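Notes for the one structure printed next.
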Amino acid sequence: MKNLIQKALISDAGLEAVILRVPIGLILAAHGSQKLFAWFGGYGLDGTGQWMASVGLHPGFAMALLAGSAEFFGGVALILGLLTRPAATINAVTMLVALFWVHWGNGFFLDTHGIEYALALLSATTALIFMGGGQYSLDALIGIKLLEAKDE
1 MKNLIQKALI
11 SDAGLEAVIL
21 RVPIGLILAA
31 HGSQKLFAWF
41 GGYGLDGTGQ
51 WMASVGLHPG
61 FAMALLAGSA
71 EFFGGVALIL
81 GLLTRPAATI
91 NAVTMLVALF
101 WVHWGNGFFL
111 DTHGIEYALA
121 LLSATTALIF
131 MGGGQYSLDA
141 LIGIKLLEAK
151 DE
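This note's numbering applies: residue 1 is where the sequence shown begins, and numbers increase by one.
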């Protein structure tokens with residue numbers, strides 16, 4: 001159990017983790033809030049669900065709920081450095097679906113809705129899976145406290 005906690009929460013990364021986590025988390029949380037709550041010009045669950053169904057992601061409402069939740073709650077978790085590796089993993093899978101299901105046939109660049117942006121987010125979240133939350137994260141605080149409690 002101690003080894004699992006260490007692998008999931010403890011990371012030797014320093015400020016580089018914060019520098020990557022916070023902006024990626026903000027981007028993901030903002031996009032998730034568009035899907036879930038119709039904030040920032042988004043369409044909310046109903047509109048996003050209809051669009052997802054139209055591109056073949058069925059059932060659309062459930063897919064919108066899953067993608068929106070992964071992005072919003074996972075993004076907030078990345079900002080805080082809370083369960084960074086699981087949050088990054090969920091978002092990496094979400095970006096894989098977006099990259100191959102939605103953007104793949106549109107070329108590379110963002111202006112044609114190509115893979116460029118999804119690829120950047122996939123790369124960043126994948127890096128966070130390996131990097132972890134770092135020393136300046138809630139993961140580090142929780143991991144240290146759990147390990148101290150296990151040693152007593």
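Cβ coordinates follow ideal geometry from the N, Cα and C atoms, glycine included.
All figures in this text were calculated on a predicted structure; none of them were measured in a lab.
Q.
Taking the beta carbon of residue 70 as the centre, do at least 16 other beta carbons fall within 10 Å, making it buried, or is it exposed?
A. Walking along the sequence shown from the start, residue 70 turns up at place 70. With 16 or more Cβ atoms within 10 Å of its Cβ, residue 70 is classed as buried.
Q: List in chain order: all unbroken beta strand (DSSP E) runs of 3+ residues lying wholly within the region 71 to 143.
A: Within the region 71 to 143, complete beta strand (DSSP E) segments of at least 3 residues are not found at all.
Q. Could you give the distance in angstroms between the alpha-carbon of residue 140 and the alpha-carbon of residue 5?
A. Residue 140 sits at position 140 when you count from the first residue of the sequence shown. Residue 5 sits at position 5 when you count from the first residue of the sequence shown. Roughly 10 Å between the two C-alpha positions.
Q. Which residue comes first and which comes last in the alpha helix (DSSP H) that contains residue 31?
A. Locating residue 31 in the sequence shown gives position 31, counting from the first residue. Element bounds for residue 31: 15 to 37.
Q. Beta-carbon separation of residue 42 and residue 34 under 8 Å?
A. Position 42 of the sequence shown holds residue 42. Position 34 of the sequence shown holds residue 34. Cβ distance < 8 Å, so residue 42 and residue 34 count as in contact.
Q | Spatially closest choice to residue 27 from 62, 136, 122, by CA coordinates | A | In the sequence shown, counting from the first residue as 1, residue 27 sits at position 27. The option with the nearest alpha carbon to residue 27 is 122.
(Q) Helix, strand or coil for residue 46? Go by DSSP, reduced to three states. (A) To locate residue 46, count along the sequence shown from 1; it is residue 46. Of the three classes helix, strand and coil, the one that applies to residue 46 here is helix, per DSSP.
Q | C-alpha distance - residue 111 paired with residue 117, whole-angstrom precision | A | Looking up residue 111 in the sequence shown gives position 111. Looking up residue 117 in the sequence shown gives position 117. Taking the straight line joining both Cα atoms gives about 10 Å.
**Q.** Given residue 236 as reference, the closest of 17, 102, 131, 138 once Cα atoms are compared
**A.** Here the chain comprises residues numbered 1 to 152, so residue 236 is not present and cannot be evaluated.
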